[in-house]
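Down below is the structure, laid out as structure tokens.
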Amino acid sequence: MSNLLNIAAFPPTEESHPTKFESCSCPFCGKPLPEGYRADKIDEDYVELPRCSKCGYAWEGFNGNPQRCPKCGTFGWNQVIVKVRCLKCGYIWNPRGLKTPCRCPKCRSTTWDKPKTPVIKPSITRPVKRTNEEGKKALMEARDRCLNGEGIYEVASELQVGIVDLIRSIIKSGGEPRM
Numbered sequence: 003m004s005n006l007l008n009i010a011a012f013p014p015t016e017e018s019h020p021t022k023f024e025s026c027s028c029p030f031c032g033k034p035l036p037e038g039y040r041a042d043k044i045d046e047d048y049v050e051l052p053r054c055s056k057c058g059y060a061w062e063g064f065n066g067n068p069q070r071c072p073k074c075g076t077f078g079w080n081q082v083i084v085k086v087r088c089l090k091c092g093y094i095w096n097p098r099g100l101k102t103p104c105r106c107p108k109c110r111s112t113t114w115d116k117p118k119t120p121v122i123k124p125s126i127t128r129p130v131k132r133t134n135e136e137g138k139k140a141l142m143e144a145r146d147r148c149l150n151g152e153g154i155y156e157v158a159s160e161l162q163v164g165i166v167d168l169i170r171s172i173i174k175s176g177g178e179p180r181m
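Just so you know, we're using our numbering here: the sequence shown kicks off at 3 and counts up by one.
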């Protein structure tokens with residue numbers, strides 16, 4: 003009869019005895035140990051069985067390590083499995099090789115490893131909804147301010163008008179903007 007845990011081999015000691023508030027349990031199965039026995043001596047005699055990293059199957063009785071897992075037949079049973087997550091759609095998968103995958107198998111995105119952040123490009127023209135009279139009046143005031151020496155960028159950002167629209171209105175009226 004072979005037991006993995008031989009309680010007689012672990013006599014109680016004073017320094018390893020837990021306090022009355024602590025409970026001592028087996029680190030492998032989680033069952034509580036009898037009072038006074040040391041839990042840190044259990045792993046000295048414990049031999050870990052080979053375990054497949056893909057299916058989780060553990061086996062014993064082989065001489066050395068086998069090439070393939072006896073249950074699922076994978077060759078990489080003793081390799082660390084790295085899971086990959088697509089940052090576009092959230093799909094999680096195991097890549098075939100050690101290289102970085104080219105595309106996500108679900109959404110087929112080639113930029114699966116880059117976060118989906120909106121790219122904000124500085125716009126030259128901004129669409130602003132105004133009536134014709136308000137727009138003409140605002141552009142005429144902006145033209146006068148630009149011709150009097152204020153910078154075109156400050157005027158355009160203050161009026162929320164695109165720089166191109168402001169330059170066009172100034173050129174149509176016969177002036178040259180100062181930048």
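Ideal placement from N, C-alpha and C gives every residue a C-beta, glycine not left out. Just so we're clear, the structure is a prediction, and the values are computed from it rather than from any experiment.
Query raised in the report: Nearest to residue 97 by CA position, among 88, 84, 90, is which residue?
Result: 84
Query raised in the report: Measuring CB to CB, does residue 157 end up less than 7 Å from residue 144?
Result: yes
Query raised in the report: In whole angstroms, what separates the C-alpha of residue 101 from that of residue 58?
Result: 24 Å
Query - Sheet register partners of residue 98 (DSSP bridge) - result: None; residue 98 has no bridge partner.
Requested in this report: To the nearest angstrom, report how far apart residue 138 and residue 149 are at their CA atoms.
Outcome: 16 Å
Query raised in the report: What number of angstroms, rounded off, separates the C-alpha of residue 142 from the C-alpha of residue 116?
Result: 45 Å
Query - Buried or exposed by the 16-neighbour rule on C-beta atoms within 10 Å, applied to residue 106 - result: buried
**Report entry** Three-way DSSP call (helix, strand, coil) for residue 170 in this model
**Finding:** helix
Requested in this report: Go ahead and pull the three-state DSSP assignment for residue 86.
Outcome: strand
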